[in-house]
Each structure stands twice: as C-alpha cells, then as structure tokens.
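Protein chains: 2
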Amino acid sequence: MLARTHCGDFRVHHIGQTVRLNGWAQTNRDHGGVVFIDVRDRSGLVQIVVHPDDPAVHQLAHSLRQQDVIEVVGEVIARSDETVNAKLPTGAIEVKASTITVLNRSETPPFMIDDTCDTGEQHRLEYRYLDLRRPKMQGFMALRHRVTHAARNYLDSQSFLEIETPILNKSTPEGARDYLVPSRVYPGSFFALPQSPQIFKQLLMVAGMDRYYQIARCFRDEDLRADRQPEFTQVDIELSFVSQDEVMAVAEGLLRSMFDAGVGIHLPETFPRITYADAMDRYGLDRPDVRFGLEHVNITEMMKRVEFKVFREPADNGGLVKIMRVPGGSALSRKQIDDYTKFVSIYGAKGLAWIKVNDVTDLPGGLQSPIVKFLPEDVLADMLQACGAENGDLLFFGAGDEKVVNDALGNLRVKVGHDMGLVAAGDHRFVWVVDFPMFAWNADEKRPEALHHPFTAPYAEDLDKLESDPLNMRSQAYDLVWNGTEIGGGSIRIHNPEVQARVFKTLGISDEEADSKFGFLVNALKYGAPPHGGLAFGLDRVLSLMAGVDSIRDVIAFPKTQKAADPMSNAPSEVSDAQWKELGLRKRRTIQES
Amino acid sequence: MLARTHCGDFRVHHIGQTVRLNGWAQTNRDHGGVVFIDVRDRSGLVQIVVHPDDPAVHQLAHSLRQQDVIEVVGEVIARSDETVNAKLPTGAIEVKASTITVLNRSETPPFMIDDTCDTGEQHRLEYRYLDLRRPKMQGFMALRHRVTHAARNYLDSQSFLEIETPILNKSTPEGARDYLVPSRVYPGSFFALPQSPQIFKQLLMVAGMDRYYQIARCFRDEDLRADRQPEFTQVDIELSFVSQDEVMAVAEGLLRSMFDAGVGIHLPETFPRITYADAMDRYGLDRPDVRFGLEHVNITEMMKRVEFKVFREPADNGGLVKIMRVPGGSALSRKQIDDYTKFVSIYGAKGLAWIKVNDVTDLPGGLQSPIVKFLPEDVLADMLQACGAENGDLLFFGAGDEKVVNDALGNLRVKVGHDMGLVAAGDHRFVWVVDFPMFAWNADEKRPEALHHPFTAPYAEDLDKLESDPLNMRSQAYDLVWNGTEIGGGSIRIHNPEVQARVFKTLGISDEEADSKFGFLVNALKYGAPPHGGLAFGLDRVLSLMAGVDSIRDVIAFPKTQKAADPMSNAPSEVSDAQWKELGLRKRRTIQES
Numbered sequence: 056m057l058a059r060t061h062c063g064d065f066r067v068h069h070i071g072q073t074v075r076l077n078g079w080a081q082t083n084r085d086h087g088g089v090v091f092i093d094v095r096d097r098s099g100l101v102q103i104v105v106h107p108d109d110p111a112v113h114q115l116a117h118s119l120r121q122q123d124v125i126e127v128v129g130e131v132i133a134r135s136d137e138t139v140n141a142k143l144p145t146g147a148i149e150v151k152a153s154t155i156t157v158l159n160r161s162e163t164p165p166f167m168i169d170d171t172c173d174t175g176e177q178h179r180l181e182y183r184y185l186d187l188r189r190p191k192m193q194g195f196m197a198l199r200h201r202v203t204h205a206a207r208n209y210l211d212s213q214s215f216l217e218i219e220t221p222i223l224n225k226s227t228p229e230g231a232r233d234y235l236v237p238s239r240v241y242p243g244s245f246f247a248l249p250q251s252p253q254i255f256k257q258l259l260m261v262a263g264m265d266r267y268y269q270i271a272r273c274f275r276d277e278d279l280r281a282d283r284q285p286e287f288t289q290v291d292i293e294l295s296f297v298s299q300d301e302v303m304a305v306a307e308g309l310l311r312s313m314f315d316a317g318v319g320i321h322l323p324e325t326f327p328r329i330t331y332a333d334a335m336d337r338y339g340l341d342r343p344d345v346r347f348g349l350e351h352v353n354i355t356e357m358m359k360r361v362e363f364k365v366f367r368e369p370a371d372n373g374g375l376v377k378i379m380r381v382p383g384g385s386a387l388s389r390k391q392i393d394d395y396t397k398f399v400s401i402y403g404a405k406g407l408a409w410i411k412v413n414d415v416t417d418l419p420g421g422l423q424s425p426i427v428k429f430l431p432e433d434v435l436a437d438m439l440q441a442c443g444a445e446n447g448d449l450l451f452f453g454a455g456d457e458k459v460v461n462d463a464l465g466n467l468r469v470k471v472g473h474d475m476g477l478v479a480a481g482d483h484r485f486v487w488v489v490d491f492p493m494f495a496w497n498a499d500e501k502r503p504e505a506l507h508h509p510f511t512a513p514y515a516e517d518l519d520k521l522e523s524d525p526l527n528m529r530s531q532a533y534d535l536v537w538n539g540t541e542i543g544g545g546s547i548r549i550h551n552p553e554v555q556a557r558v559f560k561t562l563g564i565s566d567e568e569a570d571s572k573f574g575f576l577v578n579a580l581k582y583g584a585p586p587h588g589g590l591a592f593g594l595d596r597v598l599s600l601m602a603g604v605d606s607i608r609d610v611i612a613f614p615k616t617q618k619a620a621d622p623m624s625n626a627p628s629e630v631s632d633a634q635w636k637e638l639g640l641r642k643r644r645t646i647q648e649s
Numbered sequence: 056m057l058a059r060t061h062c063g064d065f066r067v068h069h070i071g072q073t074v075r076l077n078g079w080a081q082t083n084r085d086h087g088g089v090v091f092i093d094v095r096d097r098s099g100l101v102q103i104v105v106h107p108d109d110p111a112v113h114q115l116a117h118s119l120r121q122q123d124v125i126e127v128v129g130e131v132i133a134r135s136d137e138t139v140n141a142k143l144p145t146g147a148i149e150v151k152a153s154t155i156t157v158l159n160r161s162e163t164p165p166f167m168i169d170d171t172c173d174t175g176e177q178h179r180l181e182y183r184y185l186d187l188r189r190p191k192m193q194g195f196m197a198l199r200h201r202v203t204h205a206a207r208n209y210l211d212s213q214s215f216l217e218i219e220t221p222i223l224n225k226s227t228p229e230g231a232r233d234y235l236v237p238s239r240v241y242p243g244s245f246f247a248l249p250q251s252p253q254i255f256k257q258l259l260m261v262a263g264m265d266r267y268y269q270i271a272r273c274f275r276d277e278d279l280r281a282d283r284q285p286e287f288t289q290v291d292i293e294l295s296f297v298s299q300d301e302v303m304a305v306a307e308g309l310l311r312s313m314f315d316a317g318v319g320i321h322l323p324e325t326f327p328r329i330t331y332a333d334a335m336d337r338y339g340l341d342r343p344d345v346r347f348g349l350e351h352v353n354i355t356e357m358m359k360r361v362e363f364k365v366f367r368e369p370a371d372n373g374g375l376v377k378i379m380r381v382p383g384g385s386a387l388s389r390k391q392i393d394d395y396t397k398f399v400s401i402y403g404a405k406g407l408a409w410i411k412v413n414d415v416t417d418l419p420g421g422l423q424s425p426i427v428k429f430l431p432e433d434v435l436a437d438m439l440q441a442c443g444a445e446n447g448d449l450l451f452f453g454a455g456d457e458k459v460v461n462d463a464l465g466n467l468r469v470k471v472g473h474d475m476g477l478v479a480a481g482d483h484r485f486v487w488v489v490d491f492p493m494f495a496w497n498a499d500e501k502r503p504e505a506l507h508h509p510f511t512a513p514y515a516e517d518l519d520k521l522e523s524d525p526l527n528m529r530s531q532a533y534d535l536v537w538n539g540t541e542i543g544g545g546s547i548r549i550h551n552p553e554v555q556a557r558v559f560k561t562l563g564i565s566d567e568e569a570d571s572k573f574g575f576l577v578n579a580l581k582y583g584a585p586p587h588g589g590l591a592f593g594l595d596r597v598l599s600l601m602a603g604v605d606s607i608r609d610v611i612a613f614p615k616t617q618k619a620a621d622p623m624s625n626a627p628s629e630v631s632d633a634q635w636k637e638l639g640l641r642k643r644r645t646i647q648e649s
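Next comes the structure, spelled out in structure tokens:
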C-alpha cells in the first residue's frame, strides 16, 4: 500500500506522484461538472479534483458531505496559474483523484467545524470532539505538545529527573479546598487529590534526587469564578544545593526553551527583577505589567504638610497617598473620569481625586481639579515635581489604607494603560518579583499567615525576627510575572527542622497539628535534608498567554465548565447503590443534619 | 562561587583543580590521624581526605556522622598506587579538603542508607525519603526518567502529540472498581478516577488529532493481591488511519527506544507474532514465555482410540489432552513429580499423569509410568512420535476441561522451565499474541463478554458472525508479551456506529445502558470518526522487568502498600466534619444500613 501523505504536506515537488491521503471532507463544489473537494487532516488542507471521465468516482465525489471521512488515491498535478491559491501552503497543487473510499460517513455536525464557528462554549464542550477538530483548537493542542516537549528536553539537558508523585494523597487542608477520595478499604477515611506536589518534591530532595521535575496534575475544589479549573497542570521543579539565583536561572532557561518552541520568540538571557516593596511602590501590585509606564509616586510624607483631611489623615495614620501621572490624560472627559472612579470603587476606594495639568508654570490657575483649592501652592509645586508632571497630563490620586490604595491605583494603572493604547501587541515582558514578606497579617485570626506556604525559607539575616518581628521578615520567594500575569513562583525551602518548627509556631500551628499534617516532612528534615528550592509554572496559563486566548479552557483538551462539570460525559454523575455501600457512605439528608 | 562538581564525576583530569562538592557523608575513618570521608550524591561517591595540619577542618571532619549533609571545597589529588580503588569510578583520586561546611546534621537514620539494607518493606515505605536515598533506588528513578524521556522523544519523532486527558471522569463501572470523588457542587454525585484514558483517546481521534500519546496515570480500586497498585502509569498511544501492523510497528519502535535508553540493549526491528490459538495450543497460556521450549503437543484426537477414561472422556466431550515433553526429565525424583502434581492442582487439575522414557525402542517396557498399562502399544508409539520423545525424557500429561488443562500445563511449563535452568539470564524475548477471540463466554451471566473491551474491532471478514456465532469471531486485538509477562496490549477500535451498537447488543448491554455509560462515544462515532487503533504499555511493569526487581513498588517513587495505604503520610486519613458536610456525606452506620 502507498504510504500516506498528510494533507497539509503537499508541495510542488510532489507533482506527478501517485499519492494516498486521508482526511475529512470540508467542502464539495461543482464547477461545470468538475468536482472540487477540500480534504483536511491535522496538518492542513488539500484540494481534490474529480473530472467526470470516471463516472463512479465522480458520483461518489458528488455524494460527499461535510466531515465524511475519506481516503483518496490520485496524482498530484499543478494548478493552473489562475487557480493557484497563494494563501494556502498546498495552494500550488491539487490531487486528481483516481479512487475515493468513504471510511466513515458523518451526520450533519451540530456546528460548523471551522475557525469562524461562534457557537456557545457550553455547546462546544458538549461536542468537544468536534470543537477540537477545528484547525485553531488542533493548533492549540499542537502548541501544548511542542511547549511541554521543549520543557522536558530542556530539563533533561539540565540533569533533572522526571519523577511521578502520587495522586492519592493525604488531606492537609491549607489554602484551597481538597478534592477527596473515599477509601473502600478504610471506610470513613479519605485520600485527597494533590493541590501541588509540594511536600513530595521536598521529600525527593531529602532522598537525594538532586533535581526533580514533573508536569504535574493538580486539583483544587474551589468555586471557579475566575478562569480556574478543578484540575490544572503545572511545570514543577525542585533543586538541591542551589541559591535563589540558580533556581531563577534554570527557570529562565526553561521558559526560553518553551517560548522558542511554542511561538518562535527568543526571550532574553535573564529577566529583570524587582523587589516586592518596589513593585508595590511603583505599580501598586505584586504582578506589575512593565510593558508601559504610568508608575506611581508616593507622596505620603509630603501630605503631612497639608490640612486637606482626605490626604492628611492617611499620611498621619500609617496610610498611603500616591499619584499616578497619566501623560496626555487631560484630554479625558468627565464621563471617562467618572467611569474610572466607579472602577476603583471595586477595590474599596471611596473616590478618585484628580488634577488636570493645563499649565505647570501657572499655579494654581493652570491646574483644573476639585481638590486644588485644598492644597497650598508650594505643595502643589512639590507634587508636580515629584511626578514630573507636564502640560496635558492628568494626575490621579489614591489616599487611604495602604492595601486599598495599592489595589485601586494598581488596577487602575492596568486599565488606563490598556485604554490609552500603551500596550504594544506582541510585546512580551517578564519580570521577577523577589523579596516577598515572609508573613502577611491575618486580621480575622489575628496572627501572621504564610504569604507563600509554610515551607518557604526566610533570609538568614532576618531569622532573628522570627519571634520578635515576623511581619518585617523577607522570604526567599520569587514570582515570575508575564505582562502583568503571575505565571509561576517558588522559593528556597526551609531545610532545617528547628527553623521549620519555629515558623509553624509563628503561624500559630500547634505541635500536634504540625505533626498530624506535616509530621513526615518535619521528620524528613531531621535525617540530612539538603538545602533546596524550586518553582512551579502554571502551564495552562502560560499556554493561554502564548496562544493569545482569554480562557485556559481553550488550551485544555477536555476542560470542565465554570460549574465544575463536563457537559460531554455528564460527569459528575450518580453512582450505583453498590458503590455507595462499598464506600460505607450515605447521603446527608439535609444541610442541617449533623 | 566555584561551580559544583558532582561526587561521581571526579576523574584524573580533575587532578590539581580546586573544586566544590555537596553530598551526604557516608563513612568517616581515621587512619593514623588522617580522616577519610566518603561523600555521596546522586551521581556517585568520592573520597575526601583531611590531614591534621588544619586543626579546625580536622576536628569538624572527625565530628561528621552518617548522612550529615556537607559542602566540601578542596583540591583534587591523585591517590597513591596502593590506595587506588579500581572498582570505584572516582577511585583514582581523592579530594583534599580545605574547608568543610555542615549544611544539615542528620539524626541516626532508622536503617542503613546503602544497598545492603534488608529492612522490611513497611519500614522502607514509612521512611521512603531515606529508602529512596539508597543508590539502587536512585538508580531506579533515573532509569524511569531515561525510559520515559526516550519514549517521549521517540513518539515526538513519530508525530505524536502529548495530550492530557482528565483525571476527574465519569464513573462507568466495567471491569475493575472505580475510585470515586464526591462532588461538592452536585451533592450525591461523583467523579471517577480513570481506569485508563480509553474513551478520551478515541475521542481525540474523532477530533482529528491523528496521533496521541500520554504517559497516563490510571486508577483501580482493587484488592491488591497481585503486584498491583491503586495508581499506576501507562504509556498510552492511539493512531488514526492505521492497520494493526502499523500500530505494532510503532509500538516496536517505542519499546526499542525505551530499552535502548533504559538498559542499553538493542531489540530486534520486529518482534515475532503468534496467534492466540497457537499460543494456547503450544504454550497453554496467552502470554507465552518463548525463552525456552517444553512446548505442548495436542493428542486429543489420538485419545479417541484409547479406553483409558481419564484421557478418553475429555477427547470425546470437547475437552483437551496434551503432552508436555521435558527433555532429560526422567532424572526427576518421585518427590519432585509429586510437588509438580501439587502445583498443577492450584489450577484445578485433578492429577498429573507422567511417563519416564527410558528406552524408546522398547515398548512398553522402556516406559516407566503408572499409566502405561492403560494405553495400547500403538498409541504409545504414536504419542512418543507426536512429541518427539527421546531416551531420558519425561512426559507430563494434561487431560480434561480445556481451560484447566491449559492453565495447569501452561503454568507447569513455566515452572519446569525455571526449575530446570532453561531460562538464560539476560535473555529478553518479546512476542506479539494476535487474533484474540472477540468474546469469551461468561458462564455466570450466560452471555458473551468482551475479551478486551467493548470498543475492540472484529476482523471485517468475521463481522457476519456477530449475531450468529460471536464466540468464533476474532478481534483485531494484540498483546505484547515479554518473557512470559504481558506488558501491553491494544486493538484496532470500532469506528462505525452501527457496528458498535451491534457489539453492545451481543454483549447484552441495553441501548439505555450504552447511552448512559458511553453515549458520548457512540455519538462521536456518528460525526466522522476515522478508523483508529492504539495500544498501552504498563510502564511500572516494563520498568520492573528492566530493573530486574520482583515488585513494581521498587520503580515507583511513593507506592502504596498491598493494603492501599501510605505508611509515610498515613493516607488515607480522617477528614474534618466540615469536609464531610461540604460534600453532603455521612458515614453509613453499619454494613446492613440501607
């Protein structure tokens, strides 16, 4: 039998050859008795031509309907000059069919199998096997393959071992909610699906594996408001005997290889770094989008000189006052400014003060704003200077609680940047955010909580603050931010069992709780744990950014809906009485039932 | 800082260099004031030498205990001729330490971290992070990495796309028991963990993905009598527009690449094939170990000529009578034969008839056996001829129900082959078993059941037997057998929706059941499913055979016990009341409670 040629691979050098191809009929056109059929497989599309001289083949060709699966044997011929299609890789040739075999017929599909299809996502997920047949979706799956394969090759070249960690784990509720798996052998007990392989990868370092990687499935039973999935995939690495810098260098190489293979873009050798403190100061967010300016300027100190309560009170009471200068922003309408005011209210801001800078040399007359009258001229001058204001600028102000101001002005910055067209298409900017605080204050529980996770190592020089001043400790944690989206993060871990015990104590985790949840890790640290650290990338997020799609669902072959269900298979579903019994479970009759 | 050199990498060309290394102290010996420390990491072991001339370093070296984690900086020096250790790759050199830093101390480990350790498996699993630190176990993890990486590279070179299929699936109880995951969003409903990605990989073919692969985690909630695990890994592939031969050729290439990378053995270009019928006839098992002879000879027809009821009855009543000739077997003692008789009783055989062949030219006097007196001389002569008996042979007989005879004599063949030293160490023999029956008879339910799974395609020429004579249909299924162990299998799948419906009917699966369990697959076949087929290898089993270990647990980083538990993390475990409530579940009070 002739070897198969893939539809998209035909070129002029095939002319004259007898070939065999397989694929799906896309279109079927009759031009004066000559039938033209576009046949497609994963590799692309080729045009089949059937002349009326062979009535049997001609009749079959006529009968073909969209998505019928066929095999064609024929001769590759040149298209006439007028019919060459320069837009199609195979557009210089066509295949003159000598036989066509129908391998399977297709009923009329529920939606068009092409990239113009705009059917609703629920419908697409119900018929995912047809949705995935669209060239764009096939392309996303191929992208996913190329990127993960490149990641594996890179990590192999750097002496990482791929090691599988268990999916049936112990439940250690912390952070997100676990998916549980009832045990039949131990009725009333459960396994949990892993939220990440964190503890296992640390144990692999204790086991001397030196460099571990896994493209690991992780699970979180969360309400999927944002673009999240119950199961997702992370590129997970861990290394022994390394510094933060070494982990970051490996991660940069990894991402370079993925980017190169995925979208053919060469990233720089090293990515810039910014401290958490700097990021909050200049961008208001710990995931700064550094593709554009609009940086914040802190004027809290300056505001101690004014009477204006809105600015003075935060300055006096540990709050924050910031300016965001928008070059050319004075052209914004009152309506636009009102919309931005509404926008920042989402983040808890009670208002959005602003000044339009018409003439920097004329104070206060050259400034247009409801608040100018509350500010002395010298302060106005200092403000303008501090943020480098020029004529035509608009200054937005945030004042109040530090978190609210940063949230509001940080998110406003991103919105204004996009609205004003400051974000260049195709610009990919990566930045490391480093030196995170070790702990954040949990106001509800009145205790410090781990900003990353409780295994994150503090800087050695901050260690003596662990009991006395934990909120001012920095951790050896790092996040990687791509165009304003956090795509990964990691840390150097605690390898010393005493330090780990002290951190648990600071977190208010009792010895008993630590022992029942993490006892095996704490124990492991006692038997020669090497210094180690690592990182994980959210693969689905990375791919959606590469693919330029909004939802990670587009780069996952069989995703769940926002309501954590699969409309195709109808999972989750009822199970049999026998299954309930075997697991020793019954349904709780009402929510109230205890 | 100096770049790190891995302990096992030191060679004579490093002599004179100042180096840095990290690892675990193994031993600490003092020879006349000079301290020798073996330091090990994943790559191997190197000897550190500390002379008393630097008292601080010397004192520290003295203090080192087993499994302390250290960093050493020093100079590589040649060992004196008398102390060169030719058995050690680093044995021509040693590192004269100028500084030693203790990175972490180790308590005395619960067992020795070396390959001579013979502590019980329960203990090893409880401290798996230490068990894995043993060189042998690290070697198994490295083997696993090499093999899977080679598999991925091979499949990538063959245009396969790695595509992840969901772990949260629909429960379709069939064959083994599903692990279930209660849904919080839909209380009383469950996801199921996949027993294999079978349906999803077929859907990917419907989606036009052409070639799919995944190194996929699979789950079965079975009682783990045999060497099974609740979660295991398979190398899973599926291809469109292919014949059985093409799938097998890809699988051979895949296995060749894995074998090459794993253990450096080059397998042949193609593996021999045997039909299921032949395998049963000659070996009694559908997983024949073809490393040695001892083939069976069917003498059922011949036994229609004898009076001897034990042989005659099966011959007359659709049973089976077989000889297994054991060359040189007449040297076996009565005790040994008795033991074999006991052995075959495990498989339901009521006895084990035998004949010692002392002189083939002297019938019946040259034959020693309790049964010779029941058999006429001409039949004895025909028997000897049929099996090619020679002086010194022992003939074993199986007679009775076909299944019992094949089971008994098939397993006896393997046992005798091993006992008699017919199995050469290092011999790796692969054989494809093809042309399996499409259905087996389920005597309990009095209906045919799928021998592989209900999606397996029959041979086209057998299709008309689907309703009339299903038990005599052959399927396009194939198993790969390695030294008598089935390591993988697959089939061409049904792509025609009508054929699939007919097969469900023959299996006694109602339309309603088919729709609720597999409706989405059946539906998918209607919209242009291409002809397709595939195969899966049991990765854990393949690796255990490569590693030469008895248990797949040795090639899994964190396996469960035979009781489906993890003694390290104590999974499965109790969960909180809040977790029970969120899932809408409560414990069934007694087994009887309905």
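Line by line, the protein sequences are chains A and B.
Using the numbering used here, read the first sequence as starting at 56 and increasing by one per residue.
Using the numbering used here, read the second sequence as starting at 56 and increasing by one per residue.
In this text, a Cβ means the ideal position worked out from N, Cα and C, and glycines have one as well.
With distances taken from CA atoms, which of the options is nearest residue i?
i	options	result
B/F274	B/Q253, B/L258 and B/Q257	B/Q253
B/D186	A/M260, A/A441 and A/V365	A/M260
A/A147	A/D462, A/T156 and A/R134	A/R134
B/K377	B/S385, B/S400, B/G384 and B/E350	B/E350
Tell me which residues share the same chain as residue i and place their Cβ nearer than 8 Å to its Cβ, disregarding the 5 neighbours each side in the sequence.
i	result
A/S214	D265 and R266
A/R189	I168, D169, D170 and C172
A/V637	Per the sequence presented here, residue 637 of chain A reads as Glu, with Val not at that position. Counting only Cβ-Cβ distances below 8 Å, and skipping sequence neighbours, we find R239.
In angstroms with no decimal places, state the Cα-to-Cα distance between residue i and residue j.
i	j	result
A/G78	B/G539	40 Å
A/S649	A/S631	With a pLDDT of only 43 at A/S649, under 50, the local geometry of the prediction cannot be trusted, and the value read off the model is given with reservation. Cα to Cα, A/S649 sits roughly 24 Å from A/S631.
A/P165	A/N159	17 Å
B/A444	B/W537	29 Å
B/M196	B/V597	13 Å
Got a sec? Which residues, its chain only, sit under 6 Å from residue i by beta carbon, not counting five neighbours each side?
i	result
A/S238	S244
A/A495	E504 and L506
A/I103	I92, V94, V127, V150 and A152
Helix, strand or coil for residue i, going by three-state DSSP, please let me know.
i	result
B/K225	coil
A/C62	helix
A/S161	strand
B/P369	helix
B/S624	coil
A/N538	coil
A/E648	Only weak support is given to the placement of A/E648: the predicted model assigns it a pLDDT of 45, under 50, and the question is left unresolved by the model.
B/P237	strand
A/H117	helix
B/L126	Sequence inspection shows Glu at residue 126 of chain B; the Leu mentioned does not correspond to that position. In this structure, B/E126 counts as strand in the three-state DSSP scheme.
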